[in-house]
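Working notes for the structure below.
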Amino acid sequence: MNKYNYSPETVGSIGAIMHSDPGFLTVLQDDELVNGLEVVNKFTGDLVSVDPIPGTLVVNLGDAAKVWSNGRFYNVKHRVQCYQPEVRISIALFVLGPRDKRVEAPAELEDSEHPRLYIPFDFEEYRKLRVSTKSPTGGALELFRATNSGST
Ligand SMILES: O=C(O)CCC(=O)C(=O)O
Ligand SMILES: [Fe+2]
Numbered sequence: 001m002n003k004y005n006y007s008p009e010t011v012g013s014i015g016a017i018m019h020s021d022p023g024f025l026t027v028l029q030d031d032e033l034v035n036g037l038e039v040v041n042k043f044t045g046d047l048v049s050v051d052p053i054p055g056t057l058v059v060n061l062g063d064a065a066k067v068w069s070n071g072r073f074y075n076v077k078h079r080v081q082c083y084q085p086e087v088r089i090s091i092a093l094f095v096l097g098p099r100d101k102r103v104e105a106p107a108e109l110e111d112s113e114h115p116r117l118y119i120p121f122d123f124e125e126y127r128k129l130r131v132s133t134k135s136p137t138g139g140a141l142e143l144f145r146a147t148n149s150g151s152t
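The sequence shown lines up with residues 1 to 152 when you count with full-length UniProt numbering.
Structural data, given as structure tokens:
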């Protein structure tokens, strides 16, 4: 659960810094009255406001989904901005990565047009690297990039 104690002084400031979620998938129940979630358009880099639609959930994919899908899924960057001076609450359910296996794209998703992008890695190790390298938007994935994979 996230609580943003917005006030007149915080309008225009950041509530949650730009980040991607580290795991596989996030299901988000956003505040239905107080907006503020913004996502980055993959193609233009523009910030797009995700205004709440009552009765709906927001689902987004994270870094592990990008790796598991060998780059087919996108780990969307997002942040929360203070638009209005009211307390904002959101509830996030994070489907993370495996504890006992490595994060690795299945062989079926690899071919000559889609070379393996990342070498297999331990999810908890990756989470620690995100913190130690200060890479909240998934940049630490580059530490696991397979050679000859190009970049995506
Ligand atoms: O509060 C929100 O709308 C988003 C929260 C979020 O991005 C997160 O908890 O990872
Ligand atoms: Fe998030």
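Where a beta carbon is used, it is the ideal one built from N, C-alpha and C, also for glycine.
Assuming L47 contacts V40 (C-beta within less than 8 Å), just tell me the rounded distance between them.
As a working note, residue 47 is residue 47 in the sequence shown. As a working note, residue 40 is residue 40 in the sequence shown. Correct: roughly 6 Å between the Cβ atoms.
Exercise for the section: Find out if the Cβ-Cβ distance for the pair Q84, V131 is shorter than 8 Å. Expected result: The sequence position of residue 84 within the sequence shown is 84, counting from 1. The sequence position of residue 131 within the sequence shown is 131, counting from 1. No, the pair does not count as a contact, with Cβ atoms beyond the cut-off.
Handout entry: Best match in N2, Y6 and H19 for proximity to R79 [C-alpha to C-alpha]
Key = In the sequence shown, residue 79 corresponds to position 79, counting from 1. When each option's Cα is compared against that of R79, the closest is H19.
Tell me whether F94 sits in a helix, a strand or coil according to DSSP, three-state version.
The residue you call residue 94 lines up with position 94 of the sequence shown. Strand at F94.
Contacting residues, own chain, Cβ-Cβ under 6 Å from G97 (five flanking each side not counted): Position 97 of the sequence shown, counted from the start, is the residue given in the question as residue 97. These residues qualify, in order along the chain: G23, A64, V103 and F123.
*For the beta strand (DSSP E) containing V48, list its first residue and its last residue.*
Taking the first residue of the sequence shown as position 1, residue 48 is located at position 48. Per DSSP, V48 belongs to the beta strand (DSSP E) from L47 to S49.
Check your understanding: Should A16 be listed as close to ligand 1, given that the test is whether its C-beta is under 7 Å from any heavy atom?
Key -> For the purposes of this step, residue 16 is taken as residue 16 along the sequence shown, with counting starting at 1. Result yes, Cβ under 7 Å from ligand 1.
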